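Novice:
Number of protein chains: 2
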Amino acid sequence: MNMQIPRRFTVGLIQMSVTTDLEENLKKAVFKIEEAARSGAKVVCLPELFRSQYFCQKEDIKYFDLAEPVPGQTTEALSKAAVKMGVVIIAPIFEHRASGIYHNSAAVIDTDGKITGLYRKMHIPDDPSYYEKFYFTPGDLGFNAFNTHAGRIGTLICWDQWYPEAARLTALCGAVVLFYPTAIGWHPYEKESHGKAQHDAWRTVQRGHAIANGIYVAAVNRVGYERPADGGEGIEFWGSSFIADPQGIIIAEASVEREEILLGEINLDRIEEVRRNWPFLRDRRIDAYAGINRRFIDE
Amino acid sequence: MNMQIPRRFTVGLIQMSVTTDLEENLKKAVFKIEEAARSGAKVVCLPELFRSQYFCQKEDIKYFDLAEPVPGQTTEALSKAAVKMGVVIIAPIFEHRASGIYHNSAAVIDTDGKITGLYRKMHIPDDPSYYEKFYFTPGDLGFNAFNTHAGRIGTLICWDQWYPEAARLTALCGAVVLFYPTAIGWHPYEKESHGKAQHDAWRTVQRGHAIANGIYVAAVNRVGYERPADGGEGIEFWGSSFIADPQGIIIAEASVEREEILLGEINLDRIEEVRRNWPFLRDRRIDAYAGINRRFIDE
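These protein sequences, in sequence, are chains A and B. Letter by letter, the first sequence follows residues 5 to 303 of this note's numbering. Letter by letter, the second sequence follows residues 5 to 303 of this note's numbering.
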């Protein structure tokens with residue numbers, strides 16, 4: 005790809021709530037993408053699985069009906085928005101790849117409307133009310149970065165947030181900003197006792213990825229309380245979308261409960277400056293990391 | 005090793021200043037180890053290169069005179085203290101291994117006075133006033149954990165703090181607490197403009213290691229302003245030794261400028277609890293991390 009890469013560009017994170025109406029969610033997403041673009045965003049990222057409420061609270065095969073191919077209805081609608089507004093869009097999709105193979109994916113749509121990259125969530129959680137292992141086949145595309153007209157960017161998804169290897173590999177692929185479309189929240193019965201520590205750990209580990217890799221990190225979460233129609237405690241999604249700079253400094257942060265379009269500037273000169281002053285990538289001991297490929301290094 | 009491993013034990017971090025008198029520094033260290041032990045510490049960790057002022061502010065071959073073998077004078081004195089007080093000691097040493105091969109090392113001395121482990125700093129920095137590449141041959145013992153009568157512990161050293169791979173590998177080796185003997189401070193001319201961000205990034209990235217690995221992290225820094233006799237700006241060591249629990253919560257933290265013995269409890273049941281609730285180790289994609297062994301993944 006031969007193009008002029010800008011040294012600075014604005015990213016827009018769409019922190020939104022999601023209803024049970026799939027079409028309404030898509031319409032809202034497009035509306036907010038347009039608003040973000042009008043505010044100057046060149047890359048816009050939506051929250052994980054934004055087309056529907058977070059169905060992983062229950063294990064029920066009927067929810068596979070929500071899956072769709074890539075390209076498909078969602079990417080087609082967002083491709084139009086990308087062309088219309090001249091923005092790059094990171095579009096989380098519940099991907100129907102084949103009967104029996106469904107992924108938690110994110111398509112990277114360039115300003116020309118073409119899908120320039122696809123990421124399939126590699127690390128799949130399984131926790132009460134987050135029964136993702138039931139729905140999502142682990143990704144097989146590995147970790148990567150994608151060229152767009154705004155710059156070279158990477159995306160991971162939610163649970164990947166807790167894995168330094170995923171951030172490192174995406175950074176080594178040359179991404180200047182690492183997006184994390186996310187759906188994370190509090191179990192209502194835990195919020196009082198553990199909520200603050202959980203949220204702080206989530207924020208801290210991602211700031212750590214920014215610092216260790218000298219890269220921008222942009223996490224995009226949904227907001228609102230979602231409770232399955234057939235019962236359950238529900239999840240209170242904690243919003244708090246944020247952008248950290250290559251030294252881990254928070255340059256923009258959203259509220260816990262409101263829909264917001266969060267804007268922040270990516271500055272390649274800042275990356276250059278931070279990595280010159282803190283040359284962590286220079287001193288890596290690539291001869292000594294082989295054990296990373298092991299589950300546990302037993303005595 | 006067949007022994008009863010306690011489920012809880014206290015660690016003591018010796019945050020101290022260092023003078024130009026090597027013997028005085030050793031005496032002070034022993035004195036403080038005894039004080040920490042009397043306060044209940046079962047594992048005591050000293051700051052990086054505690055025997056001398058931080059000579060890496062200059063490149064001068066005369067400083068190789070400071071290097072000593074392992075075992076040697078320092079480990080012998082500390083072995084005595086370990087036996088006397090019944091404590092495990094993490095003893096940073098400027099190690100003379102052979103003519104022309106010097107390491108920035110840490111010996112792990114068990115309660116019986118024996119050296120049960122040796123770590124040689126793997127990641128070697130080189131920065132104005134931190135000219136470590138001149139002095140220290142990169143370590144060749146890799147990342148490990150060591151059995152002691154207090155438990156299975158790991159140590160890395162200072163610059164290693166910025167490398168998630170080092171923390172991950174030490175955790176995979178079964179360490180329940182990861183020590184970082186450290187010598188980090190502010191360039192006086194940068195403190196005003198960058199000091200807060202630098203300190204916060206240092207703390208954050210290490211808390212991130214605790215979170216990603218469900219492990220205790222204990223960082224032990226020196227305090228005081230040190231300026232080489234033959235001039236230079238000097239370094240204002242920032243103290244701030246701390247202990248983070250397996251969820252990254254700071255359970256003890258020292259001041260920026262005072263000598264302190266920082267105590268904190270390591271609780272194996274807490275590790276078990278955190279890792280059950282946040283099973284990050286379960287979901288690692290060990291099939292997909294091979295690129296970690298590359299400098300950069302060029303397009």
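Using N, Cα and C, we set each Cβ at its ideal position, and we do this for glycine too. This one's a predicted model, so the numbers in the text were calculated from it and none came from an experiment.
Just checking: is the beta-carbon of arginine 226 (chain B) within a distance shorter than 7 Å of some beta-carbon in chain A?
Specialist: With 7 Å as the cut-off, arginine 226 (chain B) does not count as an interface residue toward chain A.
Novice: Can you check the segment 24-81 of chain A for any alpha helix (DSSP H) of at least 4 residues that lies completely inside it and give the ranges in chain order?
Specialist: If we require 4 residues or more, the alpha helix (DSSP H) runs fully inside the segment 24-81 of chain A come out as 26-42.
Novice: Between the Cα of glutamine 251 (chain B) and the Cα atoms of B:Arg280, B:Ile215 and B:Arg172, which residue gives the shortest distance?
Specialist: Ranking the options by Cα distance to glutamine 251 (chain B), first place goes to B:Ile215.
Novice: Taking all protein chains shown into account, decide if asparagine 6 (chain A) is buried (16 or more other Cβ within 10 angstroms of its Cβ) or exposed.
Specialist: In this prediction, asparagine 6 (chain A) scores a pLDDT of 47, lower than 50, which makes its location untrustworthy; no coordinate-derived value is stated.
Novice: Taking the beta strand (DSSP E) that serine 109 (chain A) falls in, what are its first and last residues?
Specialist: Element bounds for serine 109 (chain A): 105-113.
Novice: Answer with yes or no whether the minimum CB distance from isoleucine 168 (chain B) to chain A is below 7 Å.
Specialist: The sequence shown places proline at residue 168 (chain B), rather than the isoleucine named in the question. Closer than 7 Å to some Cβ of chain A, the Cβ of proline 168 (chain B) qualifies, so yes.
Novice: Should tyrosine 193 (chain B) be labelled buried (16 or more other beta-carbon atoms within 10 Å of its own) or exposed?
Specialist: It is exposed - the Cβ of tyrosine 193 (chain B) has fewer than 16 other Cβ atoms within 10 Å.
Novice: Could you tell me how far apart the beta carbons of threonine 159 (chain A) and alanine 110 (chain A) are, in whole angstroms, since I believe they sit closer than 8 Å?
Specialist: Their Cβ separation, rounded to whole angstroms, is 5 Å, which keeps threonine 159 (chain A) and alanine 110 (chain A) in contact under 8 Å.
Novice: What three-state label does DSSP hand phenylalanine 284 (chain A) in the structure shown?
Specialist: Helix.
Novice: Give me the chain B residues within the contact set of glutamate 303 (chain A), using Cβ-Cβ distance strictly less than 7 Å, ordered along the chain.
Specialist: Neighbours of glutamate 303 (chain A) on chain B, chain order: Gly178.
Novice: Tell me the residue span of the beta strand (DSSP E) that contains arginine 101 (chain A).
Specialist: 92-102 is the span of the beta strand (DSSP E), which, as asked, contains arginine 101 (chain A).
Novice: Tell me whether aspartate 204 (chain B) sits in a helix, a strand or coil according to DSSP, three-state version.
Specialist: Note: aspartate 204 (chain B) maps to helix in three-state DSSP.
Novice: In chain B, which residues lie less than 8 Å from isoleucine 9 (chain A) when you measure between Cβ atoms?
Specialist: Within 8 Å Cβ-Cβ: nothing; isoleucine 9 (chain A) doesn't reach chain B, min ~13 Å.
Novice: Could you check whether the Cβ of glycine 218 (chain A) sits closer than 7 Å to any Cβ belonging to chain B?
Specialist: False, the Cβ-Cβ gap to chain B never drops below 7 Å.
Novice: What residues from chain B crowd round leucine 30 (chain A), counting only those whose CB sits closer than 9 Å?
Specialist: What leucine 30 (chain A) touches in chain B: nothing, since even the nearest Cβ is about 30 Å away.
Novice: Below 8 Å on C-beta distance, what does tryptophan 100 (chain A) contact in chain B?
Specialist: A small correction: the amino acid at residue 100 (chain A) is histidine; tryptophan does not occupy that position in the sequence shown. Ordered by position in chain B, no residue passes the 8 Å Cβ test against histidine 100 (chain A), which lies about 22 Å from the chain.
Novice: List the endpoints of the continuous beta strand (DSSP E) containing glutamate 264 (chain A).
Specialist: Run containing glutamate 264 (chain A): 264-271, per the beta strand (DSSP E) assignment.
Novice: Just curious, the alpha helix (DSSP H) that phenylalanine 138 (chain A) is in, first and last residue?
Specialist: Here the alpha helix (DSSP H) through phenylalanine 138 (chain A) covers 136-139.
Novice: Name the DSSP bridge partner or partners of glutamate 240 (chain A)?
Specialist: Glutamate 240 (chain A) pairs with A:Trp190 and A:Tyr229.
Novice: Pop quiz: threonine 115 (chain B) and glycine 90 (chain B) are said to be a contact at Cβ under 8 Å. What is the actual Cβ separation, rounded to whole angstroms?
Specialist: Confirmed, about 5 Å.
Novice: Between which two residues does the alpha helix (DSSP H) harbouring proline 168 (chain B) extend?
Specialist: Proline 168 (chain B) -> alpha helix (DSSP H) spans 168-176.
Novice: Given a limit of 9 Å on CB to CB distance, which residues of the segment 281-297 of chain B reach chain A?
Specialist: Answer in chain order: Asn281, Trp282, Pro283, Phe284, Leu285, Arg286, Asp287, Arg288, Arg289, Ile290, Asp291, Ala292, Tyr293, Ala294, Gly295, Ile296 and Asn297.
Novice: Quick one: what's got a C-beta closer than 7 Å to glycine 199 (chain B)'s C-beta in the same chain, skipping five residues either side?
Specialist: Taken in chain order, the residues that qualify are Trp190.
Novice: Taking the DSSP output, what are the residues bridged to threonine 14 (chain B)?
Specialist: Answer is B:Ala45 and B:Glu269, bridged to threonine 14 (chain B).
Novice: If contact means a Cβ-Cβ distance below 7 Å, which residues of the segment 96-129 of chain A contact chain B?
Specialist: The segment 96-129 of chain A vs chain B, Cβ under 7 Å: Met126, His127, Ile128 and Pro129.
Novice: Would you verify that the beta carbon of arginine 279 (chain A) is, or is not, closer than 7 Å to some beta carbon of chain B?
Specialist: No, no contact with chain B.
Novice: Could you check whether the Cβ of asparagine 6 (chain B) sits closer than 7 Å to any Cβ belonging to chain A?
Specialist: Confidence at asparagine 6 (chain B) is low in this model, with a pLDDT of 47, below 50, so its placement is unreliable and the value that follows should be read with caution. Chain A contact via Cβ: absent.
Novice: How far does the beta strand (DSSP E) with threonine 120 (chain B) in it reach, from first residue to last?
Specialist: Threonine 120 (chain B) -> beta strand (DSSP E) spans 119-124.
Novice: Say whether the segment 56-71 of chain A touches the segment 248-268 of chain A, bearing in mind that this needs 3 or more beta-carbon pairs closer than 8 Å, one atom from each stretch.
Specialist: Touching, no, given that fewer than three Cβ pairs across the two stretches are closer than 8 Å.
Novice: Please state whether DSSP places asparagine 151 (chain A) in a helix, a strand or coil.
Specialist: Reduced to three states, the DSSP call for asparagine 151 (chain A) is strand.
Novice: Counting beta carbon pairs with one atom in the segment 19-36 of chain B and one in the segment 201-221 of chain B, are three or more of them shorter than 8 Å?
Specialist: No contact exists between the segment 201-221 of chain B and the segment 19-36 of chain B.
Novice: Just to confirm my understanding: we take aspartate 273 (chain A), look at its own chain, exclude 5 residues before and 5 after, and list those with CB closer than 7 Å. What are they?
Specialist: Within the same chain, aspartate 273 (chain A) has close Cβ partners Arg11.
Novice: Output the distance between the C-alpha atoms of glutamate 277 (chain B) and histidine 127 (chain A), rounded to the nearest integer angstrom.
Specialist: So the alpha carbons of these two residues sit roughly 21 Å apart.
Novice: Compare the beta carbon distance of glutamine 19 (chain B) and glycine 243 (chain B) with 7 Å and say whether it is the shorter of the two.
Specialist: Taking 7 Å as the Cβ cut-off, glutamine 19 (chain B) and glycine 243 (chain B) qualify as a contacting pair.
Novice: On the CB-based measure, 16 or more other CB atoms within 10 Å of its CB, does threonine 23 (chain A) come out buried or exposed?
Specialist: Exposed, because fewer than 16 other Cβ atoms sit within 10 Å of the Cβ of threonine 23 (chain A).
Novice: Alanine 85 (chain A): which of A:Ile105, A:Arg42, A:Ala102 and A:Glu240 sits nearest, CA to CA?
Specialist: Measuring from the Cα of alanine 85 (chain A), the nearest candidate turns out to be A:Arg42.
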